[in-house]
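Engineer: Residue numbers (UniProt numbering): 1 to 183.
1. Is residue 1 buried or exposed, if buried means 16 or more other CB atoms sit within 10 Å of its CB?
2. Excluding five sequence neighbours on each side, which residues of the same chain lie with their C-beta closer than 6 Å to the C-beta of residue 100?
3. Could you tell me the distance, in whole angstroms, from the CA atom of residue 75 to the CA atom of residue 151?
4. Which residues does DSSP pair with residue 54 in a beta bridge?
5. By the three-class DSSP mapping on this structure, what secondary structure does residue 134 have?
6. Considering residue 4, what are the terminal residues of the beta strand (DSSP E) in which it resides?
7. Just tell me which of 129, 137, 108, 149 has its CA closest to the CA of residue 66.
8. How far does the beta strand (DSSP E) with residue 14 in it extend, from its first residue to its last?
9. Which residue comes first and which comes last in the alpha helix (DSSP H) that contains residue 28?
10. Thinking just about the alpha-carbon of each residue, which of 39, 52, 28 is nearest to the one in residue 61?
11. Report the CB separation of residue 183 from residue 68 in whole angstroms; it is logged as a contact under 8 Å.
12. What's the gap between the Cα of residue 137 and the Cα of residue 121?
13. In terms of residues, what are the limits of the beta strand (DSSP E) holding residue 74?
14. Which residue comes first and which comes last in the beta strand (DSSP E) that contains residue 179?
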C-alpha cells in the first residue's frame, strides 16, 4: 500500500494506491461498465447539467463487494472513531468530455462525515485530466489524478469537484463515491 497525505484547513486527504490487484481493478471495471446509468446526479441544487450515475444499496455494497469491504477497512484505518460511521450512500458517477461539474461539499461544514472515492477505470492516461480538485476558500489547492484502483479518503466538508476529462479522452470516467456519516 502506498499512501500520500495532503492537508487543507488542517484536514487530511489520503491518497491510497496499491490496495487492489490489477485483476480486481479489471473485474470491478467490467462490472461497472455493465450497470444501468441515469442522467440525474447533480453537484449542487443549481446544477442544470446532471451527469450519469447508478446507486447501490449501501449496506449490501459494503458487505457483499470486495471494493466495499476494502473501503471500510481503509476508513477504519484512516478515520478517527471509524466504528461510529455508517455508509449512507454508495454510487458510481460516469462522466464524459463535455459534461459539467461544480465544486461542492458532501456535507455541511459543522458535520464530520467522511467520503471515500475509488477510481474505477482500468486504465487512465494523465493527459485525460479528470482530476478530483480540492479547494481552500475559492482557490484550487490539490489535484488528484483518477489513477486506476486508487482510493481517496477525506472529510466530506472539504470543497471538491471531479473535473471533466479532456477532449482526447475517448472513454467514460467512472468514480465510486461512498458517503459515511456518524450513526
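Glycine residues also receive a C-beta, built at the ideal position from the N, C-alpha and C atoms. Given the structure is predicted, the values throughout are model-derived calculations rather than measurements.
Structural biologist: In brief:
1. Counted from its first residue, the chain shown places residue 1 at position 1. Exposed, because fewer than 16 other Cβ atoms sit within 10 Å of the Cβ of residue 1.
2. Within the chain shown, residue 100 is the residue found at index 100, counting from 1. 49, listed in sequence order.
3. Counting from 1 along the chain shown, the entry for residue 75 is found at position 75. Counting from 1 along the chain shown, the entry for residue 151 is found at position 151. Spanning the two alpha carbons is a distance of roughly 10 Å.
4. The residue given as residue 54 occupies position 54 in the chain shown. In the DSSP output, where bridge partners are listed per residue, residue 54 has 92.
5. On the chain shown, position 134 is the one that residue 134 refers to. Residue state, collapsed to three classes: strand.
6. Taking the first residue of the chain shown as 1, we reach residue 4 at position 4. Unbroken beta strand (DSSP E) run through residue 4: 2 to 8.
7. Counting from 1 along the chain shown, the entry for residue 66 is found at position 66. When only C-alpha atoms are compared, the closest one is 149.
8. Translated into the one-based positions of the chain shown, residue 14 becomes position 14. Per DSSP, residue 14 belongs to the beta strand (DSSP E) from 11 to 17.
9. Against the chain shown, residue 28 aligns to sequence position 28. It spans 22 to 33 - the alpha helix (DSSP H) in which residue 28 sits, taken as one unbroken run.
10. Translated into the one-based positions of the chain shown, residue 61 becomes position 61. If we check each option's Cα against that of residue 61, 28 comes out closest.
11. Counting from one through the chain shown, the residue named residue 183 turns up at place 183. Counting from one through the chain shown, the residue named residue 68 turns up at place 68. Contact doesn't hold; Cβ gap of about 17 Å is too wide.
12. Indexing the chain shown from 1 puts residue 137 at position 137. Indexing the chain shown from 1 puts residue 121 at position 121. Each residue's alpha carbon lies about 30 Å from the other.
13. The sequence position of residue 74 within the chain shown is 74, counting from 1. Element bounds for residue 74: not the beta strand (DSSP E) but the alpha helix (DSSP H), 66 to 78.
14. On the chain shown, position 179 is the one that residue 179 refers to. Looking at the DSSP string, the run of the beta strand (DSSP E) that includes residue 179 is 173 to 182.
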